[in-house]
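A.B. asks: Residue numbers (the working numbering), protein chains in the order written: chain W, 61 to 938; chain G, 106 to 331; chain A, -15 to 286.
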Amino acid sequence: MRVNNRKCVRRIGVRSLLTNKRRNIIAIAAIALTAILFTTLFTIMMSISSTYETNSFRLLGGYAHATFKDVTDEDIAKLTSHKLIKEYGERIVLGVSAEAPFTKRSAEISYMNDNDTKWSYIKLKEGHLPTSGKEVIMDTEALRLLGVEPKLGEEITLSFNILGFEDESAIVLDTFTLVGYWEFDQLCPAHFINVSKEYADEFGKMITEKGYEPLRANLDVMFSSSVDIEGKMCRVAEESGFTFSQPEADNYIRFGVNPGYTFAKGSDMFTPATIACILAFAVLVIFTGYLIIYNIFQISVVGDIRFYGLLKTIGTTSRQIKRVIRIQALALCVIGIPLGILLGYGLGAILMPVVIRMSTMSADAITISTSPVIFVASALFEILTVIVSTAKPGRLAAKVSPVEAVRYTEGSGVNGKRKTTKGAKVISMAIANVGRNKKKTVLVFISLAFALVILNSVNLFVGGFDRERWIAATDATDFLVANTQYFKFNGASRSSISTEEIEAIKENTNASLWGEAYEVTGYTVYKANEAQYREYVDSVPGGQPYQKPQEDGGYYLGSFIEAINPALTESLKVYEGDISLLNDKSGRYVALLSDDESYKYLKDDPNAFKIGDKITYGRPETVLTLDKRTGEIPGEGVIYDDNIEEEFIDVTECEFTVCAYVGVPISLSLRKGSFGKDGVLGADTAKEVFGDSVVPMFVAFNTDSEADEAAAEQYLSNLSKESAGELEYESKEIKRKEFEDFKNMFAIFGGVLVAIIGMVGVLNFINAIMAGIIARKNEIAVLQAIGMTGKQVKEMLVTEGLIYTVGAGVIALVLSAMLTPLLNATIENMFWFYSGHFSVTPVLIMIPIFALVGFLIPAISYKGLTKVSVVERIRELG
Amino acid sequence: MNILEAKGLKKIYGEGENKVNALRGVDLEVKKGEFVAIVGTSGSGKSTLLHMLGGLDRPTEGEVIIEQKDISKLKDEEVTIFRRRKIGFIFQAFNLVPVLNVYENIVLPIELDGAKIDKDFVEEIINTLGLSGKKEALPNQLSGGQQQRVAIARALAFRPAIILADEPTGNLDSKTGQDVLSLLKVSAEKFSQTIVMITHNDEIAQLADRIIRIEDGCIVSKGEGR
Amino acid sequence: MMNDIVLYIGIAAAVLGVGSFLWSRISTKKTLDRVEELIDKAIDGDTFQESFSEERTSRLETKLTEYLRASGVSALNVKNERDKIKTLIADISHQTKTPIANLVLHSELLKESDLNPEQEECVDAVLRESDKLRFLIDALVKLSRLENGILSLNPAKESVSSIVTEVAAEMNSKADKKGLYIKTDLPDGDVSASLDRKWTAEALINIVDNAVKYTQTGGITLSVKDYEMFACITVKDTGIGIAEEDIPKIFGRFNRLESSRNEEGVGIGLYLAREIVKLEGGYMKVSSKLGEGSEFAVFLKK
């Protein structure tokens, strides 16, 4: 039980704080700056996370926690009465329109209740939800595609297929009245066209009359939190009298959890690499903060050492003195941290768009997170930095000998002897003064030099972005034109580029190399032997549907085939074999796909095809799938493991000879792949074997002259705009712009970082100079009384300033030069498009600027000093 | 009964060539209630002696015993707290904590100990020293003499075993100094304090009940008798 | 289900742990506060309620009360002793008055009759010693009364200058007899201090008397100095001075120095003076050099 002297110590701490305004202002600035850095980091981190989340939901079409599928009104009543369910939404899908104009993105005609509408990101710009009859609402893009003005009351005719039925007889045509619309979201996977409940019910009645299955509803639910959605769904299902594990049972119910909520996404984002980066950045910020905050307190403690000595004499223990310092530090934090957090949050919000451009997310989906984690983490890190920084100064004050209080020497003890007898010239005095408080000097040097080194490193990094290298590696050709779908990495079947379009492009551009690539569409398989089949099944995660072996003991596994014209064969990377055979009409040759990594293991794989082997590709008429458990077609959402059986009907086979193993540059590939044996065929061979299934995928061409390139760029740009979003292209020009953006992002980041660290360094310098002058006020007065002119005093102070700044500049120069090779090597490893080079230009530029600062600050501070007369300053000595 | 005893105090600074024998074996006894002056020229070791007596520094050899407790062997934290409770200091200058007002300065040792302040007693001291109107003033608003009076008040307020004064009037003009010394003397009487005062001035030393002379690190006269 | 139970038990255990820790700290603090309160009361001399319970604090209270009572008993004893002394002093004072008065009276009468030089010397000696005796008894009685708090001083704001003038006047004749002067050096304007007129005068007389005794040539100067919080009366003589090692001794009771063996005086005058000044809240100091005279300073609070 200790004596209660907290109030007393606190009073001393707070009051002693108020005496030194300059120190307080600079300390608050330093704390705020480091807090800004922390907050910006966390704001961006958390905002990336929240943006990612929102993006995912928008890509999925909604943010409801989970959905019970295919439920009746009875089911709904049972389920929604469960206490866990906070809110629910109902959706009844009537049909889908995937024909024109909804070829690119299909339209879904459904009824959604209020909640469901909300959760599907539908926010009406004008109008109201459909409540009766043939009222309808849809998005602005759908309206545009239908050629309808976004005006309430417009009549719209829609034709769509009854859900699940592709045939002609299931097409419905009807006319609706627009009662509301909303702004289309680019990320939304489909166009929602919502009708009234009345219409849906009538529709349901109508189709049952026609003999179709009755409409089923989906029940979207929201719980009170997104924790353990799956567990909650299971409970709700079971406790409402359903089972989710036995599909054959009567009370079987299916549900799906919104993938956007799974934690998998969390682990995607926070890979060990990103965590390491975040920690490295945090350490950098702590280091920066340490340099200045430590110095501020070190200087002020040394200046107040007599005060602490006096406290010790009166009976203040070391522990109490440390507490005094800590209280001062924390009091300054109270002002500095909120300030820094506020500014840092703003800065983080401003920088977010820059960051988002680096990812695959769209820039208009940015949500700036308001998670308390940002503020709490920033505050904690900042407090940690401050406590660490003030620990040593606190100890210095605490271990002061009480005899210090009775000593009357000004300035910290100058130990040792001055070795020269050359007399007191201004310069040697300046040097000696700088050497007085060694810790302070070292810290200012480090602080300034650090800022310069970071500046140089950022400049080195950004300057080393080799644009041509990047373009050369990612692009095999100058231009590539294809249907928009091709660029979206969509696995689903997609539209091709038409022959007319290809002709048009060929005519309007002066191409030197003209390449055409095709895709063999539809389901292609190759025949695998037992061993290859087993190997495949074992390697596919999640299992593989069961397959009965064919008569010859072979199994069918899915594959993709790309076909290219002779011009493009040059672009292939040959691992082994002879690719010229692809264009050899005498036989049917195929080149199998591989890549740098896989090819290494290929040689030892006994199941791999060898050059010269025969491989059989086939095209099945149909593939029947059966859920062995139910004896029926597997329903939606069922996992295709070995409970599912596949049966290949009427497979047309064709044999090819493997002529080579090749690698296709990503930009020229199908941009999708299977786990099977994907292959490349010559265009003619492919057309011969697979006929109409061979569909043009893209054209890729080079231009020789800059003029041609510019012309082609212009033409393609217009073409893309006029094609109503059907055609898109990649070009070197576009790549260049992307690269520049990418580079600029780092430049902006780096710039902000350097600016802040630079500010910290300069602040440290200013504090050191001003504190030094104030501490030696009397000494300087005495010097002037003895006969040192004001000009000489100024000379001395300016020399000290220059020693700091130019000295730091030189140190930075040397360090940067030494670091450059190391940095180059490290960055080259991480970023392949970086070309190491040598540059210390930024430091060289900054040295004269630093010199200017080193001159101005002491000069200005000195002016402030001379406002008080020499006599007055001496009088204070006593 | 001796409230303060020093036995064989030696203090050596520095090493080798720079070795300084500040104290060469000093013995000292002070009875409760005495007012003792230690006189010596500068460099005689009187300040060093005071530092030893007050536990501000450790002797190289010897013991310092206050109220039967040998403080020369205590750890830093212990000696600090001993000082807080048992030793009052009055220095030539820079006695007061600049950020606390007069009252707060006076009761500081008491508050550092978390103890209850005897308000009547403190009030009496403040009156005795003529500081009644200045309780809320800050040190920089006081004259030199007033500052020293506050220092005296602080040294009295927590009733230490002994008060050590180091040239308390060294920074004051003779008139103010006389007042300050007089107050010191009468307060010591009134509140039954033991005082050990250092000075180089014989006239000031005459205030004391007993004058001890120190020269070159040794006591040359103990001024016995009363 | 199981998990929930374990969780609840864990939480309950944690709460209990923290709770009991806090509880014990609070109760310790309460105990120590109570003990400190007791001791504070004892120091102030207040009475405090004794509680009787199994608490340790209760036992402490009882012990403390016992101890104080014992001291109280001794306080009572001290008072009794004091009263006895009072009575003794009163008796001495009262009873010796008459015999001494008679001594003096008869000695003076004797002197008036015809005596030869030898006889006259004897009578003078008797008169001198009777004077000394009377002075001694007076001083001792006053001292005892002062020391034992039987008589008290009544300090009031008085003019220092006027007292000095009075005393100078009173001692003038005595000084004159030895051929010494008594000067006064007073500042302009009045200087006052907080003092008891009668007693302060008495102290001052003792000092001046002492100065006269030990000065052969020259004289005595009385001056008054004004300080911010004190007034100082100095009595400077051109006498034989005092050796440094003797200075602490001169205020001693019945102390007579080697150098002054030959003089009159009983060695109690200065002691009495100092006690009076002390009781007035002031102090005395002396500075002197052997053969160069002495300066006595009396500081009085304003």
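Even glycine gets a Cβ: it sits at the ideal position worked out from N, Cα and C.
If contacts are defined as beta-carbon pairs under 8 Å, then W/E706 and W/Q607 qualify, I think. What distance do you get, rounded to the angstrom?
C.D. replies: Yes, W/E706 and W/Q607 are in contact; Cβ-Cβ is about 5 Å, under 8 Å.
A.B. asks: For A/G133, is the classification buried or exposed, using 16 other Cβ atoms within 10 angstroms of its Cβ as the cut-off for buried?
C.D. replies: exposed
A.B. asks: With DSSP as the reference, please indicate the residues paired to G/H156 in a beta bridge.
C.D. replies: In the DSSP output, where bridge partners are listed per residue, G/H156 has none listed.
A.B. asks: Taking 6 Å as the limit between beta carbons, can you name the residues of its chain near G/G159, skipping five residues before and five after?
C.D. replies: I192, L269
A.B. asks: I'd like to know if G/Q283 contacts chain A, where contact means its C-beta is closer than 8 Å to some C-beta of that chain.
C.D. replies: yes
A.B. asks: Taking 8 Å as the CB-CB limit, is W/L370 close to chain G?
C.D. replies: yes
A.B. asks: Residues of the region 437 to 465 of chain W with a CB closer than 9 Å to any CB of chain G: list them in chain order, please.
C.D. replies: For the region 437 to 465 of chain W, the set of residues with a beta-carbon nearer than 9 Å to any beta-carbon of chain G comprises K459, S461, P462, V463, A465, in chain order.
A.B. asks: Report the rounded CA-to-CA distance for G/P273 versus G/S292, giving the unit in angstroms.
C.D. replies: 14 Å
A.B. asks: Specify the secondary structure class of W/A230 as computed by DSSP and reduced to three states.
C.D. replies: DSSP, reduced to helix, strand and coil, places W/A230 within a helical segment of the structure shown.
A.B. asks: Can you tell me where the alpha helix (DSSP H) with A/P101 in it begins and where it stops?
C.D. replies: 101 to 131
A.B. asks: Tell me which residues share the same chain as G/M302 and place their Cβ nearer than 6 Å to its Cβ, disregarding the 5 neighbours each side in the sequence.
C.D. replies: A142, A270
A.B. asks: Just to confirm, are W/E576 and W/P756 a CB contact at a threshold of 8 Å?
C.D. replies: yes
A.B. asks: Cβ of W/V24 within 8 Å of Cβ of W/V522?
C.D. replies: No statement about residue 24 of chain W is possible, as the shown extent of chain W runs from 61 to 938 and does not include it.
A.B. asks: Tell me which residues share the same chain as W/I169 and place their Cβ nearer than 6 Å to its Cβ, disregarding the 5 neighbours each side in the sequence.
C.D. replies: L154, G155, F220, I253
A.B. asks: From which residue to which residue does the alpha helix (DSSP H) around W/F809 run?
C.D. replies: 792 to 835
A.B. asks: Where does W/Q607 sit, in a helix, a strand or coil, going by DSSP?
C.D. replies: strand
A.B. asks: Of all the residues that make up the region 250 to 272 of chain A, which are near chain G by a beta-carbon distance shorter than 8 Å?
C.D. replies: K262, G265, G266, Y267, K269, V270, S271
A.B. asks: Would you check if the distance between the CB atom of W/I816 and the CB atom of W/G396 is smaller than 8 Å?
C.D. replies: no
A.B. asks: Which of helix, strand or coil does DSSP assign to W/L97?
C.D. replies: helix
A.B. asks: Helix or strand or just coil, what does DSSP make of W/T469?
C.D. replies: Note that W/T469 scores a pLDDT of 41, beneath 50, so its modelled location is shaky and nothing firm can be said.
A.B. asks: Interface residues of chain G around A/Y211 at Cβ under 7 Å?
C.D. replies: K280, Q283, D284
A.B. asks: Where do the ends of the alpha helix (DSSP H) carrying A/E228 lie?
C.D. replies: Per DSSP, A/E228 belongs to no alpha helix (DSSP H) and is neither H nor E.
A.B. asks: Name the one or two DSSP bridge partners that A/K209 has.
C.D. replies: A/C216
A.B. asks: State the DSSP-derived secondary structure class of W/W892, mapped to helix, strand or coil.
C.D. replies: coil
A.B. asks: Measure the Cβ-Cβ separation of W/F236 and W/E195 and say whether it is below 8 Å.
C.D. replies: Taking the C-beta atoms as reference points, W/E195 is found nearer than 8 Å to W/F236.
A.B. asks: Excluding the 5 residues preceding and the 5 following W/E715 in the sequence, name in chain order all residues of the same chain whose CB lies nearer than 6 Å to its CB.
C.D. replies: Apart from the 5 residues on each side of it in sequence, W/E715 sits with its Cβ closer than 6 Å to the Cβ of K674, T676 in its chain, given in chain order.
A.B. asks: Given this structure, state the Cα-to-Cα distance separating W/A627 from W/I289, to the nearest angstrom.
C.D. replies: 54 Å
A.B. asks: Using the beta-carbon of each residue, which ones in chain W are nearer than 9 Å to G/R188?
C.D. replies: In chain order: K372, T373, I374, G375, P462.
A.B. asks: Go through its chain and collect everything with a Cβ distance to W/N667's Cβ below 7 Å, but skip five positions before and after it.
C.D. replies: Counting only Cβ-Cβ distances below 7 Å, and skipping sequence neighbours, we find A591, Q592, E595.
A.B. asks: In or out: W/C337 buried (at least 16 other Cβ within 10 Å) or exposed?
C.D. replies: exposed
A.B. asks: For the region 203 to 225 of chain G, which residues have a CB atom closer than 8 Å to at least one CB atom of chain W, in sequence order?
C.D. replies: P203, V204, L205, E209, L213, P214, E216, L217, D218, G219, A220
A.B. asks: On the three-state DSSP scale, how would you describe A/R66?
C.D. replies: helix
A.B. asks: Compare the Cα-Cα distances from W/S157 to each of W/E790, W/D638, W/R165 and report the closest residue.
C.D. replies: W/R165
A.B. asks: Cβ of G/D175 less than 8 Å from any chain A Cβ?
C.D. replies: no
A.B. asks: In chain order, which beta strand (DSSP E) runs of at least 3 residues are fully inside the region 220 to 306 of chain G?
C.D. replies: 267 to 271, 300 to 304
A.B. asks: How long is the line joining the alpha carbons of A/I23 and G/S149, rounded to whole angstroms?
C.D. replies: 45 Å
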